[in-house]
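Residue numbers (full-length UniProt numbering): 1 to 155.
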Amino acid sequence: MTEKINPLDILHKYYREAPVNLNGIANDFGIAVMYADLGNNVSGAIKKDSVFGGSAGYLIIVNDKHHPNRQRFTLAHEIAHFILHKDFIGDGIKDDALYRSNLSNALERQADKLGADMLMPWRLVNKLRIEYNNDTDKIAEKLQVSKEALRILLS
Ligand SMILES: [Zn+2]
């Protein structure tokens, strides 16, 4: 991956199909993804890793003890940190169970927002609303997100 790539070009390529292929996005950005038991109070982390990192030299670790939908939220959140906060990653960002880290709450909210956009791209959500006659349970299932997350988006 060259550094000239526009992140939106990568994201939009994946925003057409549900569920959004987050591992594909991570791979396109040169980020490797691992799943591990991180204990109760850690959702996930992103760090530089010259051994296990992807072509960009970064590794995301997702807590595999959490619900699969939550693991997707974590992965999207950590990818968002890479896209938005690469310069702040330093020795690594570790997100606790409430997605708080050594970064400010404002930065965490940015990662939440872009992460939600990755899980539930607006145009894709609208497409599914038409396809499934506004059945939010079905749409949440298709996107592999929690019903609650979709309801918040649509509220
Ligand atoms: Zn975070």
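Where is the CB? At the ideal position from N, CA and C, for every residue including glycine.
The model shown is predicted, which means the values in this text are computed figures rather than measured ones.
Distance from the CA atom of N69 to the CA atom of I5, rounded to whole angstroms, is 29 Å. By the criterion of a C-beta distance shorter than 6 Å, Y35 is surrounded in its chain by V62 and D64, once the five residues flanking it on both sides are discounted.
Annotation: the continuous beta strand (DSSP E) that includes I31 extends over I31 to A36. Within 7 Å of the C-beta of D91 there is not a single heavy atom belonging to ligand 1.
Under DSSP, V62 forms a beta bridge with Y35 and G44. Residue side-chain check: S50 keeps its Cβ at 7 Å or more from all non-hydrogen atoms of ligand 1. Take Y99, set aside five residues on each side of it, and the residues of its chain with a beta-carbon closer than 7 Å to its own are S43, H77, E108 and D112, in chain order. Residue environment analysis places F29 among the buried positions, since at least 16 neighbouring C-beta atoms fall within 10 angstroms of its C-beta.
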